[in-house]
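Asker:
Numbering (the working numbering), first residue to last: 64 to 141.
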């Protein structure tokens with residue numbers, strides 16, 4: 064029987080910035096998010112700030128990053 068995949072959800076760190084830049088430069092991503100430079104670097108600089116919301120998460124399957132996502136607390140008005 065095949066082994067189930069191991070999933071993890073680490074926070075984005077400086078080590079992943081080159082990976083994020085590469086993903087943001089892909090044509091299908093650029094169509095949605097626009098030119099990765101300088102918007103890309105603005106997002107990365109924001110992740111560096113302590114307490115920044117939303118937080119970057121890099122879901123992994125068997126240790127390999129599969130996407131990047133962000134989360135933030137819902138406003139109290141919800």
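Where is the CB? At the ideal position from N, CA and C, for every residue including glycine.
(1) Can you pull the DSSP bridge partners for residue 127?
(2) Of the choices 133, 76, 126, whose alpha-carbon is the least far from that of residue 68?
(3) Using only the alpha-carbon positions, how far apart do residue 131 and residue 121 sit?
(4) Identify, in the order they occur along the chain, each residue of the same chain with its Cβ nearer than 6 Å to the Cβ of residue 123, setting aside the five sequence neighbours on each side.
(5) Would you mind sorting residue 119 into buried or exposed? The rule is 16 or more other CB atoms within 10 Å of its CB.
Answerer: Judging by the given coordinates:
(1) As a first step, residue 127 must be located in the chain shown, where it is residue number 64. Per DSSP, 124.
(2) Locating residue 68 in the chain shown gives position 5, counting from the first residue. Nearest C-alpha to residue 68: 126.
(3) Start at 1 with the first residue of the chain shown, and residue 131 comes out as number 68. Start at 1 with the first residue of the chain shown, and residue 121 comes out as number 58. Distance between the alpha carbons of residue 131 and residue 121: 5 Å.
(4) Indexing the chain shown from 1 puts residue 123 at position 60. Taken in chain order, the residues that qualify are 71.
(5) Against the chain shown, residue 119 aligns to sequence position 56. Looking at its Cβ environment, which holds 16 or more other Cβ atoms inside 10 Å, residue 119 is buried.
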